[in-house]
Structures are given as C-alpha cells and as structure tokens.
Amino acid sequence: MLNRFVELLNTSDYWGASLIESRKKIGGDYRPIQKELRRLVQAWIRSGPNVSRLLDADPMLNQAIQSFRPHFIPTKCGVARLAFLNAPEYLASVKPIEIALGLFRDFLLNPYNDRLGGPCRNCGNYYVKKTERKKSVYCTKQCGHRFTSRLANKEQRNRERGALLELAKKRIATWLKAKTTMSWKVWVTQRPPITKHWLTRAVRKGELAEPKPI
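Residue numbers (the working numbering): 27 to 240.
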C-alpha cells in the first residue's frame, strides 16, 4: 500500500487507479489530485511528523480527515474487517481534494508510513526507504550521482564564467588607458575567447558595467 501511495505522489499521468471500461480509462486528469496530495504530505512532514500537531495546525483538515464512512467486511474466519470508503475517483462531480484526503487518510493509518522518503533532492520524487533510519536525500544512488555531477558541472561553469569576467575587466582597463578610436566592445572581443554576444549578455545581466572613456 505504501508503494502504491508513492506511485500516486510521483505520477502526473491520468489517474492510475481508475476503472477501465472497454479498454478506455475514465479517470480524467490526475494532476490536481497529485498537487493536493503532495501538499498534504508536505504538511505532514513539516509537523514532525506528528499527526496531532498536523491536525491542530489545520482545523479544516482536522474536520475533513475525521469525516469518513466505515464499511464492515465479513470474512470466512472469526474476525471481520473494517474498511473506509473514500470518494470514488471516477466521478466527475468529486473534487480533487476529496480524493486526495481519502488517500492521505489511508496513508496516516498505514503503520509503515515512516518509511516514506522524499522528495528526492535531484528528481523531486518520493520513495520508500529500505529502513526507518535511512537518511539519504536521494531516491536512488543514480539520482545522487546525477545531482552531484550536475552540481560539479555548475560550479565549473561558474569558475569559467568568473575567469572570463576577470579577463574582460582587464581588457576594459587596457582600453581605457589606450589612445584608440576603437570601441570598447570591439577592443575587448577582438581576441578569443570573449565574443560580442557573451559581452552583451554580461552587460545586460549587470555582471559588467559599460565603461566610459576618461
């Protein structure tokens, strides 16, 4: 059940649990439900997680989450079962928040909900932790490697851009001292690796100030 809940948190496709009629899915757009479900899970995480604190902080959620219809299920053994009826997702009249609340209520009753991990720092997905004590912020090792690789590449690009800015400033300083009729942009970009396009963007972004001859 927790694996299924994680799937519903991560998917942005049509409602995966919809009824099927003649091979045609009749669930509709699932994204509004996913948005509400993720909002509820984030509130749960911020609470501690602490269900009492969660409900105390949101009286409307407290009232909605405790309004449900029990369904008695007889069995062929000596113990019956009790289920909770949620809003049917295949009805057009049902609001996304109603479906999300039903799913979230089941999640709060799940004794393994402390295994929920996420959102992943790289892809934003939720995942099921292998143990309660797992502290990883990534859903998989591959996601962790991708994030650190992307971060390293970003830092490298920042270093390269910083070096170009310093080079441009040095060339501008040389142009200010030179007695030339050449424009400063032509002077700075007459030798690689600085191009006119790069220089124009740097000035537009405020990384370089357009110099004025003394």
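Even glycine gets a Cβ: it sits at the ideal position worked out from N, Cα and C.
For Leu108, DSSP records a beta bridge to Phe98.
Looking at the DSSP output, Gly143 shares a beta bridge with Tyr153. Within the model, the alpha-carbon separation for Glu33 versus Ile91 is close to 21 Å. Residue range 28-36 is occupied by the alpha helix (DSSP H) that includes Asn29. With a cutoff of 8 Å on beta-carbon distance, Leu190 and Pro218 are scored as not near each other.
The DSSP-derived three-state label of Val77 is helix.
Scanning Gly144, Thr206, Ser119, Ser38 for the CA closest to the CA of Cys169 turns up Gly144. A residue is called buried when at least 16 other Cβ atoms come within 10 angstroms of its Cβ; Leu177 does not meet this threshold and is exposed.
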